[in-house]
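Trainee: Everything in the sequence shown is counted per my numbering, starting at 5 for the first residue and increasing by one.
Cβ coordinates follow ideal geometry from the N, Cα and C atoms, glycine included.
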Amino acid sequence: MAVLVIAEHDNATVKGATLNTVTAALACGGDVHVLVAGHNAGAAAAAAAQIAGVAQVLHADDAGLGHGLAENVAAQVLAIVGNLAANYSHLLFPATAGGKNVAPRVAALLDVGQISDATKVISADTFERPIYAGNAIATVQSSDSVKVITVRTTGFDPAAATGGSAAVQALAAVTASASSSFLGSEIAKSDRPELTAAKIIVSGGRALGSSEKFNEVLTPLADKLGAALGASRAAVDAGYAPNDWQVGQTGKIVAPSLYVACGISGAIQHLAGMKDSKVIVAINKDPEAPIFSVADYGLEADLFTAVPELISSL
Numbered sequence: 005m006a007v008l009v010i011a012e013h014d015n016a017t018v019k020g021a022t023l024n025t026v027t028a029a030l031a032c033g034g035d036v037h038v039l040v041a042g043h044n045a046g047a048a049a050a051a052a053a054q055i056a057g058v059a060q061v062l063h064a065d066d067a068g069l070g071h072g073l074a075e076n077v078a079a080q081v082l083a084i085v086g087n088l089a090a091n092y093s094h095l096l097f098p099a100t101a102g103g104k105n106v107a108p109r110v111a112a113l114l115d116v117g118q119i120s121d122a123t124k125v126i127s128a129d130t131f132e133r134p135i136y137a138g139n140a141i142a143t144v145q146s147s148d149s150v151k152v153i154t155v156r157t158t159g160f161d162p163a164a165a166t167g168g169s170a171a172v173q174a175l176a177a178v179t180a181s182a183s184s185s186f187l188g189s190e191i192a193k194s195d196r197p198e199l200t201a202a203k204i205i206v207s208g209g210r211a212l213g214s215s216e217k218f219n220e221v222l223t224p225l226a227d228k229l230g231a232a233l234g235a236s237r238a239a240v241d242a243g244y245a246p247n248d249w250q251v252g253q254t255g256k257i258v259a260p261s262l263y264v265a266c267g268i269s270g271a272i273q274h275l276a277g278m279k280d281s282k283v284i285v286a287i288n289k290d291p292e293a294p295i296f297s298v299a300d301y302g303l304e305a306d307l308f309t310a311v312p313e314l315i316s317s318l
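Written out as structure tokens, the structure reads:
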């Protein structure tokens, strides 16, 4: 029995989330295959073939797959499960916006349950996943013949991007769905690292008071550290930071080497998105702030004084 990982990619390179998902797939047992469904995605398929531990890469190339539309990618996965000689026991998706869009469709059409946000593989049929905003861990056992799983990438170390030598098999692409089409996208460009892939994150909360103060106080610190900028939901809801900076249960799940939380109280939903960070530094003038319960280093101080002093010391 083989395990199929549905790769996240941009048609040229494989995203880091795929590497973490491959590690989870290896823990499930059996050969690991990777599906690269895209358009002019030969480079991404070649990159997937280099991932350590991957036995085979399946490459479906068509214009309808170029933008990762859920209807088309789900149909491609179902075609593979139904038509290839290989028997897939597990279908693994990164728990990203794209993976969470496709996986439920695949599970529903296969008439099986979905295991969401798996953080540990105990055995081929038993997994751990967080519940109640990460305050409890559920152990889930599945008896489905095909297990559809989204993988919380912060729970697994990434597989090595090089060292593999998998064969690439070209597949016939499914006919594009007539129910949806790609019209366009507006992608914010930034010189900073992508939030979910950043090694260092500087994050701000509602205590900053305004978008001007958010940029004035935190941007110089992020520049000094070469960090990505993040924000709590309260800061985003108040308009201090854009939506794509939101860290938390309803935002992005991150686990950088260093997470600096400035003026963030530490609501449960925010902690669920960053408490797996390797080192957490909290700056808050409220000694009772919940953020201090997960912080490795806590500074009880006014962030408007402490952050500039920290910058001058770096």
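Given a cut-off of 8 Å on the beta-carbon distance, is the pair Gly270 and Ile257 in contact?
Mentor: Against a cut-off of 8 Å, the Cβ pair of Ile257 and Gly270 comes out as no contact.
Trainee: For the candidate residues Ala310, Leu30 and Pro260, whose alpha-carbon lies nearest to that of Ile284?
Mentor: The shortest C-alpha separation from Ile284 is found at Pro260.
Trainee: Who are Phe131's beta bridge partners in DSSP?
Mentor: Paired residues: Val125 and Val144.
Trainee: Beta carbon of Ala45, beta carbon of His71: below 8 Å?
Mentor: The answer is no: Cβ separation not under 8 Å.
Trainee: So is Ser207 buried or exposed if we call it buried at 16+ other beta carbons inside 10 Å?
Mentor: That one is buried.
Trainee: Apart from the five residues on each side of it in sequence, which residues of its chain come closer than 7 Å, Cβ to Cβ, to Tyr12?
Mentor: Going by the sequence as given, residue 12 is Glu instead of Tyr. Excluding residues within five positions, the ones whose Cβ falls inside 7 Å are Lys19, Ala21, Thr22, Pro98, Thr100, Gly102 and Gly103.
Trainee: Between Val251 and Gly234, is the Cβ-Cβ spacing less than 8 Å?
Mentor: Yes; because the gap between Cβ atoms is below 8 Å, this pair is in contact.
Trainee: Cα separation between Lys2 and Val85?
Mentor: As displayed, the chain neither begins before 5 nor continues past 318, which places residue 2 out of reach and without an answer.
Trainee: Between the beta-carbon of Val106 and the beta-carbon of Val77, is there less than 8 Å?
Mentor: Closer than 8 Å, so yes.
Trainee: Under the assumption that Val40 contacts Ala52 (Cβ atoms under 8 Å), give the Cβ distance between them as a whole number of angstroms.
Mentor: At roughly 5 Å, the Cβ-Cβ gap stays under 8 Å, so Val40 and Ala52 are in contact.
Trainee: With distances taken between CB atoms, is the gap from Thr200 to Gly159 smaller than 8 Å?
Mentor: No; because the gap between Cβ atoms is not below 8 Å, this pair is not in contact.
Trainee: Under the rule that 16 or more other beta-carbon atoms within 10 Å means buried, what is Gln80, buried or exposed?
Mentor: The residue in question, Gln80, is buried, as its Cβ has 16 or more Cβ neighbours within 10 Å.
Trainee: In three-state DSSP terms, what is Ser183?
Mentor: Coil at Ser183, not helix or strand.
Trainee: Taking Cβ to Cβ, would you say Ile126 is nearer than 8 Å to Thr154?
Mentor: Their beta carbons are not under 8 Å apart, which means Ile126 does not touch Thr154 by this criterion.
Trainee: Considering just the uninterrupted stretch of the beta strand (DSSP E) at Gly204, what are its terminal residues?
Mentor: Position check: residue 204 holds Ile in this sequence, whereas Gly was assumed. Per DSSP, Ile204 belongs to the beta strand (DSSP E) from Ile204 to Gly208.
Trainee: What is the rounded straight-line gap between the Cα of Val1 and the Cα of Ala170?
Mentor: In the structure as shown, the chain begins at 5 and stops at 318. Residue 1 is therefore absent and cannot be evaluated.
Trainee: Taking the alpha-carbon of Ser185 as reference, which of Leu69, Thr309 and Val38 has the nearest alpha-carbon?
Mentor: The option with the nearest alpha carbon to Ser185 is Leu69.
Trainee: Quick check on Val110: does DSSP put it in helix, strand or coil?
Mentor: It is helical.
Trainee: First and last residue of the beta strand (DSSP E) that includes Val311?
Mentor: Per DSSP, Val311 belongs to no beta strand (DSSP E); it is in the alpha helix (DSSP H), Leu307 to Ser317.
Trainee: Using beta-carbon positions only, say whether Arg210 and Ala238 come within less than 8 Å of one another.
Mentor: Taking 8 Å as the Cβ cut-off, Arg210 and Ala238 qualify as a contacting pair.
Trainee: Report the start-end ranges of each alpha helix (DSSP H) in the region 35–116 that is 4 residues or longer and not cut off at the edges.
Mentor: Entirely contained in the region 35–116, the alpha helix (DSSP H) runs reaching 4 residues are, in chain order, 46–53, 74–87 and 101–114.
Trainee: Which residues in the same chain have their Cβ closer than 6 Å to the Cβ of Gln54, if we skip the five residues on either side of it in sequence?
Mentor: Cβ within range, chain order: Thr166 and Gly168.
Trainee: Below 8 Å CB to CB, which residues in the same chain sit around Ala242 once its five sequence neighbours on both sides are set aside?
Mentor: Within the same chain, Ala242 has close Cβ partners Arg210.
Trainee: For the alpha helix (DSSP H) containing Ala226, name the first residue and the last one.
Mentor: First-last of the alpha helix (DSSP H) with Ala226: Ser215 to Leu229.
Trainee: One question on the structure: do Ala83 and Arg109 come within less than 8 Å of each other, judged by their Cβ atoms?
Mentor: No, these two residues do not count as a Cβ contact at 8 Å.
Trainee: Rounded to whole angstroms, how far is the Cβ of Ser146 from the Cβ of Asp129, which I believe are closer than 8 Å?
Mentor: The Cβ separation is near 5 Å, so the contact holds.
Trainee: So, helix, strand or coil for Gln253, using DSSP?
Mentor: Of the three classes helix, strand and coil, the one that applies to Gln253 here is coil, per DSSP.
Trainee: Between Val221 and the rest of its own chain, which residues show a CB-CB distance below 6 Å, the 5 nearest in sequence each way excluded?
Mentor: Excluding sequence neighbours, Val221 sits near Val311.
Trainee: With H, G and I counted as helix, E and B as strand and the rest as coil, what does DSSP make of Ala211?
Mentor: If DSSP states are grouped into helix, strand and coil, Ala211 belongs with the helices.
Trainee: Looking at the secondary structure, which residues open and close the beta strand (DSSP E) in which Gly302 lies?
Mentor: Unbroken beta strand (DSSP E) run through Gly302: Tyr301 to Leu303.
Trainee: With a threshold of 16 other CB atoms inside 10 Å of the CB of Gln118, please say whether the residue is buried or exposed.
Mentor: With 16 or more Cβ atoms within 10 Å of its Cβ, Gln118 is classed as buried.
Trainee: Looking only at its chain, what residues have a beta carbon closer than 7 Å to the beta carbon of Ile295, apart from the 5 residues adjacent to it on each side?
Mentor: Contacts found: Ala265, Ile268, Ser269, Gly270, Ala286 and Asn288.
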